[in-house]
Amino acid sequence: MLYRNRELDRALAFITQSDFDIFCLQEVPEEFLKRLQVLPCSIVSRVDTEKLLSSAMVSMFNVVLSRHPIRAQGEIPFPDYWPLLPWYTRLFVRFMPSQLFSKIRNRGGLYADITVNETSLRVFNLHLILAQPAWRLKEFETAMAERDASRPTIVCGDFNTLQKPHITPLNWILGSGLSDALLYNRERTHIERRFVEHRLTNALAGGITHPLSQSQLDHILVSHSFSIKHAEVLPDRIGSDHHPIRVEVE
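Those letters in the sequence shown? Residues 39 to 288, per our numbering, in order.
Shown next as structure tokens:
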């Protein structure tokens, strides 16, 4: 959603006018979360990230909205990687504009158990770290350890999977090895393999959800028990740097 989104009224109208069963958002500003909490649907949230800016700490949230009952929720805390970053990455973060890069803390994802037509689903909402691909994969596996074999699974979120040669040098800048910059499609290959091993279908495989990186950062993964009727990347970003995505299953 982008924590500094300046089109919040339009974003709220888009959500309220959408014909959704389940709606997942990342980087939700705290003031916008308050507006979501009064909508006529079930809602759960967890801090996505706390950004330590020069003047203040800014909290943003992962949010799951549902027109069906949310029976339970769980949090998935992610590690603090700051002490593990090399000196040049810390220097880069220090001298970049704080609205783009800053020290962060208290990161995590969440899941919600939602009952749809007497079927209980576990829906994950994740925002994986923009740093090393290995850390992103580790966070994904941490979340998948919370799957419940008795329930179908839906996994939504911004995975920050970089897969084009003009953007993967950011992996090295943010602390990864040089090979993660040069072998630009390696991360996509690795994570797609994990999707297969977890018996999850990437409904938007091959799509581009983030114009700058020309990559599929955003994902909706579904258990093989679902049949995908329709999947699309919506053209209007509504104040975000990412495109919304939508999947219809049965």
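Even glycine gets a Cβ: it sits at the ideal position worked out from N, Cα and C. Note that this is a predicted model, so its numbers are computed, not measured.
{"query": "Under the three-state DSSP convention, the category Tyr41 falls into", "result": "coil"}
{"query": "Bridge-paired residues (DSSP) for Tyr149", "result": "Gly112 and Phe162"}
{"query": "Thr180 (DSSP reduced to helix, strand or coil)", "result": "helix"}
{"query": "C-beta contact flag for Phe233 and Thr191 at 9 Å", "result": "no"}
{"query": "Short CB-CB distance (under 9 Å) between Met98 and chain D", "result": "This model lacks chain D altogether, as it is built from one protein chain only."}
{"query": "Rounded C-alpha distance that separates Leu221 from Pro124", "result": "20 Å"}
{"query": "Through-space distance from Glu88 to Ile142, alpha-carbon basis", "result": "6 Å"}
{"query": "Alpha-carbon spacing of Val102 relative to Thr153, whole angstroms", "result": "14 Å"}
{"query": "Between the CA atoms of Gln254 and Ala243 - distance to the nearest angstrom", "result": "8 Å"}
{"query": "Given His165 as reference, the closest of Glu156, Phe116 and Ile211 once Cα atoms are compared", "result": "Phe116"}
{"query": "Nearest-angstrom Cβ-Cβ length linking Ala169 and Ile114, presumed shorter than 8 Å", "result": "The pair is not a contact, with the Cβ atoms about 17 Å apart (cut-off 8 Å)."}
{"query": "Distance between Ala219 and Pro207 (C-alpha atoms, nearest Å)", "result": "4 Å"}
{"query": "Ile283 to Trp210 span [Cα, whole Å]", "result": "28 Å"}
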